[in-house]
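Chemist:
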Amino acid sequence: MRNAKGPGGGSLADLLHSGRLEAFLSFAGDWPAEFVVKPERLDAGIEPDTAKDDSDPEDAMSSAAKASAVPDQGLLSLREQICAHMAAQCIAAEPDEVIVTATPQAAIALIVCALLQPGDTVLVGERTHPGSLAVFRQAKLRVVPVAFDDEGMDAADLERLAERHQPKLVYTMPTIGVPDATIWSEERRLALLACSRRYGMLVVEDDPYGWLRFEGAFGNATTSTVPPSPAPSAVQPPAAQLSTSQPSAWHSPVPALFELDRRNGGGGVLYASTFAAMLGPQASAGWIASSRADVMARLANAKPAGRAEPVEQQAQRKLERLLRHCGLERHAHTVRMSVASRMHRMQDLLSRQGLSGVAWHEPPGGMFLWVELPPGLDAEALLRCAAAKRVTFDIGAPFYAGHPERNRIRLNVANLPEARMAEGVARFAEAVNEFLGRSST
């Protein structure tokens, strides 16, 4: 297969993400745009006397003193805020069980650095986060994909591979997973925990989008444990009527792995998350929670780039102030409503295009639509065609731990103003139709 190349070399996808091309309508990327999270609204909630920048020369506390006040685990008051957010999602943790990192990917890198050695085996779902896969491969770990369906990792395949490879770690995204927003059933979660205990494997529960479940965002939301997965269809249901009710306590359809593990003695699951999808770039920090003191000690003593450097310390203080004053759970509800509306609009726009052979499942949450292209249509080649229309998206191949399906793409519904979504979808449809026309000649 020919690689799609742009000016200056490198893949076209890399070029588009680099920002060197302007005037693109982008359905790519891992996080929502600022107009979705509205940082100006968040900043407005910070009291003036506490919003002073750490670099203010009138600040009574010197930079050196502040640096020494931030332990390797992160600012205590920030860890307290993190625990409060986890509690709102029915996940219990104490501040001394949390360690803060500079970014979500740094959290995964810290786990790898502290707990694994080159050559160790890590089990992952057949499709998962490409950033985490990159961390594992850079650390020279052996990455083994586990069969996966719409309820999570296949328990029989997990057992077979655990016995065969004796892995040190299982990496999971069980609630609104990447790239297709899968929510694991409780049965699969319990099967994973039982298997991990039998084979002495640690489990990483990566949860950047779990709070972004649409249940409750719409008036007719279901309350089933695991939302049904309809057959892929190019025709999706119309947008539901948005509920105007006030945010209530957030409830996952099934307990987090970390919480299930804690109820059964705990210690086998490391929970990783971030506020980035909720609060935007100003909240790029990640964190890890573990109930095992020995694991926490190894994490705190490890030395990848994720430990608290001066710039990160300042970022932690700003994030702590933001969390203290922004009304986090109410803000999360607002973002969830906005993304849910965009998801329904995206599906409606795609359906109206009548693209032959283009299909998707309606996701139960998250900000991504995982799209299947017609058989034989290569996503990277389509991306090159789409670039001529000045629209971009994420190709699906990097999300696969093993052999990729080349006709998959991911669309971020929260990266364009709603007023431009129709134009972006029209450009995308034009590229698909043009590409299909070429293929048929």
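Heads up: the sequence shown begins at 1 in UniProt numbering, then just goes up one per residue. Heads up, the beta-carbon is just placed ideally off N, CA and C, and yes, glycines get one too.
Which residue's Cα is closest to the Cα of M201: R262, L116, T175, G29?
Modeler: Comparing Cα-Cα distances from M201 to each of R262, L116, T175, G29, the minimum goes to L116.
Chemist: Quick one: Cα of Y400 to Cα of A379, how far?
Modeler: 14 Å
Chemist: For V295, report the span of its alpha helix (DSSP H) as first-last.
Modeler: 293-301 is the extent of the alpha helix (DSSP H) around V295.
Chemist: Is the CB-CB distance between A277 and Y209 below 8 Å?
Modeler: yes
Chemist: DSSP state of F368, grouped into three classes?
Modeler: strand
Chemist: Can you tell me where the beta strand (DSSP E) with Y171 in it begins and where it stops?
Modeler: 169-172
Chemist: Starting from F148, follow its DSSP beta bridges and name the residues at the other end.
Modeler: Answer is M153, bridged to F148.
Chemist: Are the CB atoms of residue 447 and F368 nearer to each other than 8 Å?
Modeler: Residue 447 lies beyond the residue range present for the chain, which begins at 1 and ends at 441; the question has no answer from this structure.
Chemist: Among residues of its own chain, excluding the 5 on either side of V432, which ones have a beta-carbon nearer than 6 Å to its beta-carbon?
Modeler: L355
Chemist: Under 8 Å: do the segment 263-278 and the segment 102-117 share three or more Cβ pairs, one atom per stretch?
Modeler: In short, these stretches touch, since the Cβ pair count reaches three.
Chemist: Please identify the residue among E215, H403, A289, E434 whose C-alpha is closest to the C-alpha of R336.
Modeler: E215
Chemist: Rounded to whole angstroms, what's the CA-CA distance from W370 to R410? Just pull it up for me.
Modeler: 5 Å
Chemist: Looking only at DSSP bridge pairs, what is I409 linked to?
Modeler: Looking at the DSSP assignment, I409 forms a beta bridge with V371, I395.
Chemist: Return helix, strand or coil for A401, following the three-state DSSP convention.
Modeler: coil
Chemist: Does DSSP put G286 in a helix, a strand or coil?
Modeler: strand
Chemist: Quick check: what's the CA-CA separation for L322 versus G424?
Modeler: 33 Å
Chemist: Since R188 and G152 are thought to touch, with beta carbons under 8 Å apart, how far apart are those beta carbons, to the nearest angstrom?
Modeler: The Cβ separation is near 4 Å, so the contact holds.
Chemist: Starting from D206, follow its DSSP beta bridges and name the residues at the other end.
Modeler: In the DSSP output, where bridge partners are listed per residue, D206 has A272.
Chemist: Cβ atoms of E97 and S290: under 8 Å apart, would you say?
Modeler: yes
Chemist: N407 and E372 - do their beta-carbons sit closer together than 8 Å?
Modeler: yes
Chemist: To the nearest angstrom, how far is it from the Cα of P247 to the Cα of E329?
Modeler: Only weak support is given to the placement of P247: the predicted model assigns it a pLDDT of 43, under 50, and the value that follows is read from those uncertain coordinates. Rounded to the nearest angstrom, the two C-alpha atoms are 8 Å apart.
Chemist: Tell me the residue span of the alpha helix (DSSP H) that contains T334.
Modeler: 328-353
Chemist: I'd like to check one pair, D206 with I108: are the Cβ atoms closer than 8 Å?
Modeler: yes
Chemist: Just confirm the distance between the C-beta atoms of G365 and I176, as a whole number of angstroms; I'd bet it's less than 8 Å.
Modeler: 5 Å
Chemist: For P232, is the classification buried or exposed, using 16 other Cβ atoms within 10 angstroms of its Cβ as the cut-off for buried?
Modeler: Unreliable positioning characterises P232 in this predicted model, as indicated by a pLDDT of 39, which lies under 50. The coordinate reading is nonetheless provided below. In this structure P232 is exposed. Its beta-carbon is surrounded by fewer than 16 other beta-carbon atoms within 10 angstroms.
Chemist: Among the candidates L382, D348, A397, whose CA atom is the shortest distance from the CA of M421?
Modeler: D348
Chemist: Which of helix, strand or coil does DSSP assign to A28?
Modeler: coil
Chemist: Going by the beta-carbon positions, is the gap between R292 and G327 smaller than 8 Å?
Modeler: no
Chemist: Just checking my contact of V144 with L133 at CB under 8 Å: how many whole Å lie between their CB atoms?
Modeler: Actually they do not touch by this definition, with Cβ atoms about 12 Å apart.
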